[in-house]
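Notes for the one structure printed next.
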Amino acid sequence: MQTLPELRHVNVTRYITPLREGGSLPAVADADDGFKYVVKFRGAGHGPKALIAELLGCELGRYLGFKVPEVVFADLDEAFGRTEGDEEIQDLLKFSQGLNIGLHFLSGAINFDPAVTQVDAQLASEIVWFDAFMTNIDRTFRNTNMLMWHRELWLIDHGATLYFHHSFTNWEQSAATPFAMIKDHVLLPQASQLDEANTKFKALLTDEVLQHMVNLIPDAWLDWEGYEERPDALRQVYFQFLSTRLTHADLFTKTAKDARQTLV
Numbered sequence: 001m002q003t004l005p006e007l008r009h010v011n012v013t014r015y016i017t018p019l020r021e022g023g024s025l026p027a028v029a030d031a032d033d034g035f036k037y038v039v040k041f042r043g044a045g046h047g048p049k050a051l052i053a054e055l056l057g058c059e060l061g062r063y064l065g066f067k068v069p070e071v072v073f074a075d076l077d078e079a080f081g082r083t084e085g086d087e088e089i090q091d092l093l094k095f096s097q098g099l100n101i102g103l104h105f106l107s108g109a110i111n112f113d114p115a116v117t118q119v120d121a122q123l124a125s126e127i128v129w130f131d132a133f134m135t136n137i138d139r140t141f142r143n144t145n146m147l148m149w150h151r152e153l154w155l156i157d158h159g160a161t162l163y164f165h166h167s168f169t170n171w172e173q174s175a176a177t178p179f180a181m182i183k184d185h186v187l188l189p190q191a192s193q194l195d196e197a198n199t200k201f202k203a204l205l206t207d208e209v210l211q212h213m214v215n216l217i218p219d220a221w222l223d224w225e226g227y228e229e230r231p232d233a234l235r236q237v238y239f240q241f242l243s244t245r246l247t248h249a250d251l252f253t254k255t256a257k258d259a260r261q262t263l264v
């Protein structure tokens, strides 16, 4: 079993280059620990909710044994970005002052190509199960969100998971969904061991683990416009969502198995 994480804090020291993917504008940046990170900014796209999804997706994935870049809390100083020439990026940095999220930059990594790399049945099944659990709508043939680095498969970009929190209404209903969108998962054709993955991961994801993960969410990411709930109350919604989702694991596992039967 993996140890429960405690994340490091770094200060962003230099903005290097944007990664123009969708509307989120993550960027490669240097930090004061001497490493490069892909920084995702609270001032972009879906704001701090995307950072929460990234945090929980990465750390739960790492706990279950997947290769995931190290996650850090990345602090952006008030003066950072004032010399940036691109007005869009300057605005993004201005609205992202404070706490953001950074993922260790995997230098030299290449995008996963299912036509080139065959993933074994166990790993494919475990990734499909995990994405169904996290309601990840974004690991498809069009956008695999996986990298090959040192001949190993790495999972990236979990900002589209936990999409229930963008409306934050009827989360109980969202937690019990069979997640029909798993039919588009890039690894579903290889996922012939979904029952085994279901048994394995249900045993690993205890309430203690889930509570620890949601407790990692910083208060600064839980101050949402239009919501009066305190951070602890919002964290408990995330915990209840994940716990309820786990109790319905047999349902979304069956949905994935049924979807796979139409492909093979």
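Once you know that position 81 of the sequence shown is 81 in the UniProt record's numbering, the rest is easy, because the numbers rise by one and skip nothing.
Positions of the beta carbon are idealized from the N, C-alpha and C atoms, including for glycine.
{"Asked": "V28 (DSSP reduced to helix, strand or coil)", "Found": "strand"}
{"Asked": "Identified DSSP bridge partners for V12", "Found": "A31"}
{"Asked": "Helix, strand or coil at C126 according to DSSP, with G and I counted as helix", "Found": "Going by the sequence as given, residue 126 is Glu instead of Cys. The answer is helix: DSSP assigns E126 an H, G or I state."}
{"Asked": "Reduced DSSP category for H185 - H, G, I as helix; E, B as strand; rest coil", "Found": "strand"}
{"Asked": "Interface flag, V38 vs chain C, CB-CB below 8 Å", "Found": "Among the chains of the structure shown, chain C does not appear; only one protein chain is present."}
{"Asked": "Residues sharing a beta bridge with F149, DSSP", "Found": "Sequence check: residue 149 is Trp here, not Phe. In DSSP, W149 forms a bridge with E152."}
{"Asked": "Limits of the unbroken beta strand (DSSP E) element including Y227", "Found": "Unbroken run through Y227: none, as it is neither H nor E."}
{"Asked": "Check: I16 C-beta below 7 Å from any heavy atom of the ligand SAH", "Found": "Absent from the structure shown: the ligand SAH. Ligands present: none."}
{"Asked": "Cβ distance (whole Å) where T140 is taken to contact V68 below 8 Å", "Found": "Their Cβ separation, rounded to whole angstroms, is 19 Å, which puts T140 and V68 out of contact at 8 Å."}
{"Asked": "Spatial distance of A124 from F80 (CA atoms)", "Found": "41 Å"}
{"Asked": "contact_flag[the segment 220 to 228, the segment 133 to 149] where n(CB pairs < 8 Å) is 3 or more", "Found": "no"}
{"Asked": "Sufficient close CB pairs (3 or more, under 8 Å) joining the segment 188 to 207 to the segment 158 to 171", "Found": "no"}
{"Asked": "Residue closest to D131, alpha-carbon to alpha-carbon, out of I16, A115 and L64", "Found": "L64"}
{"Asked": "DSSP beta-bridge partners of K36", "Found": "D30"}
{"Asked": "Spatial distance of T253 from Q118 (CA atoms)", "Found": "22 Å"}
{"Asked": "Alpha-carbon to alpha-carbon, W154 and T13", "Found": "26 Å"}
{"Asked": "For H212, the first and last residue of its enclosing alpha helix (DSSP H)", "Found": "D207 to N215"}
{"Asked": "Reduced DSSP category for T247 - H, G, I as helix; E, B as strand; rest coil", "Found": "helix"}
{"Asked": "Pick from A176, Q211 and K183 that is closest to V264, judged by C-alpha positions", "Found": "K183"}
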